[in-house]
Amino acid sequence: MESLKKYDFLIVGSGLAGSLLANELLNYGQKILVFEDLSMKSSSMVAGGMVNPVTGKYLAKTWLIEELFGLLFDYYRGLELDFKASFFHQTGLFRPFANEESKINFLNQIEKHQLKDYIKVLEDTSAFSPHFEANLGGMFTEKAGWLDVPILLTKIKEKLKSNDSFNAGKFDHIRLKIENEGFYYEDIFAEKIIFCEGFNVINNPFFSWLPFNPVKGETLLGTIKDYEIKPIVNQGKWIMPLGGDKVRVGATYSWHELDFENTENGKEELLFNVQKVLKTAFEVTSQQAGVRPSTKDRRPILGKHPAYKYMYIFNGLGTKGVSLAPYFVKQLLDFIFQQKDINPEANIERHYALYS
Ligand SMILES: Cc1cc2nc3c(=O)[nH]c(=O)nc-3n(C[C@H](O)[C@H](O)[C@H](O)COP(=O)(O)OP(=O)(O)OC[C@H]3O[C@@H](n4cnc5c(N)ncnc54)[C@H](O)[C@@H]3O)c2cc1C
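Just so we're aligned: the sequence shown equals residues 17 to 372 in our numbering.
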């Protein structure tokens, strides 16, 4: 017992969810240890990282649009300042009208859903014309862009390592001993534990009963010669400028074959859609695949385990982790430290009836 290493928190998983939580906990002065199995795959490391407040063909406002988009720009810019690095790009997003019918349809939707704060109609689209058919104009969303998730996670990992808070190993749930005073794991004791395992939650015996509905996704990385367009362009699929001629194209959605393997089908689907909208050639350099930790009701899952008071989960960030994470990291920490309520639509309590 003498040689026990004591912590306030153990965190399992350092994708976007675990890393942002860990960073805040360190800033709160907590003693933490993060387990990250470097041989496992992470959705965060292949994510497009896009934030976009109004999505889809019906121009649906993102759930909690005011709360999330009122916070996330300052949040990620604050992290850029803290880490003295650039990883958040508010590029805006342009959606060219595909034809007259869809133009009329979109203009009606903007009116009907009062989207003028979020979407401007662009008549002059000459800036896009070297690469895109945009003669009919299109819609521009200023409050959109992307987070370079791998850069941010690398910065947080460096900070964790320099605080002796990083354990590059697989967390084995079977070896966790739960006692009244806290959690024992080999020579480690912690008062609290938070699981942030993304899709791998399905192998967590404490939380695998939750209604997850993971979605595989693939993207292509490549180049478009002389590509000087700064905003993301989206028409069915999106083209995200990465600097110079480099772009990322995404993404696919599949509820089958939930693995991290690239597929020919995924590549063909992306190429087919991109070539429909792009006038110039797109050369593929690589492909990436991952599994989004989505849930059946498409809301995140956070809060406390039904049986163990100081065991928590932060997961279910699904297709919109970058937009959801800043707000819900704060909700979980306010719940833990100040007993504040978690948004009922995101609170794990909504699923307690499934636990036996
Ligand atoms: C192709 C694709 C495109 C996407 N594009 C976007 C986008 O444009 N915008 C957006 O907001 N979101 C996007 N997403 C979704 C985004 O990736 C997720 O919402 C988010 O990254 C989930 O983060 P997470 O930390 O919950 O999970 P993960 O990133 O999967 O992290 C979980 C981590 O836990 C670790 N782990 C699990 N079990 C253990 C264990 N037992 N021991 C040790 N470590 C463990 C894993 O190694 C992993 O690193 C995309 C996803 C994909 C696949």
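Yeah, the Cβ is synthetic: ideal placement off N, Cα and C, and Gly gets one too.
Just so it is clear, the structure is predicted and the values come from calculations on it, not from any experiment.
So the beta strand (DSSP E) residue i belongs to, where does it begin and stop?
i      : result
Glu195 : 192-195
Asn250 : 248-251
Pro69  : That residue, Pro69, is in no beta strand (DSSP E); it is neither H nor E in DSSP.
Thr157 : 154-157
Lys73  : Premise fails: Lys73 is in no beta strand (DSSP E) and is neither H nor E.
Val50  : 48-51
Arg111 : 109-112
With DSSP run on the structure shown, which of helix, strand or coil describes residue i?
i      : result
Glu149 : coil
Tyr134 : coil
Pro316 : coil
Asp98  : helix
Ile27  : strand
Gly198 : strand
Tyr328 : strand
Leu88  : helix
Phe205 : strand
Leu20  : coil
Leu287 : helix
Phe144 : helix
Phe211 : strand
Leu54  : coil
His321 : coil
Asn220 : coil
Gly185 : coil
Leu294 : strand
Going by beta carbon distance, what residues of the same chain come within less than 6 angstroms of residue i, once the five residues before and after it are set aside?
i      : result
Asp53  : Lys186
Tyr243 : Asp261
Asn289 : Gly252, Lys253
Lys1   : The structure shown does not extend to residue 1, since the chain is modelled only from 17 to 372, so the question has no answer here.
Val62  : Gln304, Gly306
Tyr368 : Pro322
Lys423 : Only positions 17 to 372 of the chain appear in this structure, which leaves residue 423 out of reach.
Can you name, in chain order, every residue of its own chain whose Cβ lies under 8 angstroms from the Cβ of residue i, other than the five neighbours on each side?
i      : result
Leu37  : Ile27, Ile210, Cys212, Phe330, Val345, Leu348, Leu349
Arg191 : Tyr201, Glu202
Tell me which residue opens and which closes the alpha helix (DSSP H) that residue i is part of.
i      : result
Gln125 : 116-128
Glu174 : 165-178
Pro342 : 337-354
Leu41  : 32-43
From the DSSP output, which residues share a beta bridge with residue i?
i      : result
Glu299 : Thr239
Ala305 : Glu234
Thr79  : First, the amino acid is wrong: residue 79 is Trp here, not Thr. The partner list for Trp79 (beta bridge, DSSP) is empty, contrary to what the question assumes.
In chain order, what residues of the same chain have a beta carbon less than 7 angstroms from the beta carbon of residue i, not counting five sequence neighbours either side?
i      : result
Glu365 : Gly319
**OP:** Kindly provide the ranges of any beta strand (DSSP E) runs that are 3 or more residues long and lie completely inside the segment 223-283, ordered along the chain.
**Re:** 231-240, 248-251, 253-259, 262-266
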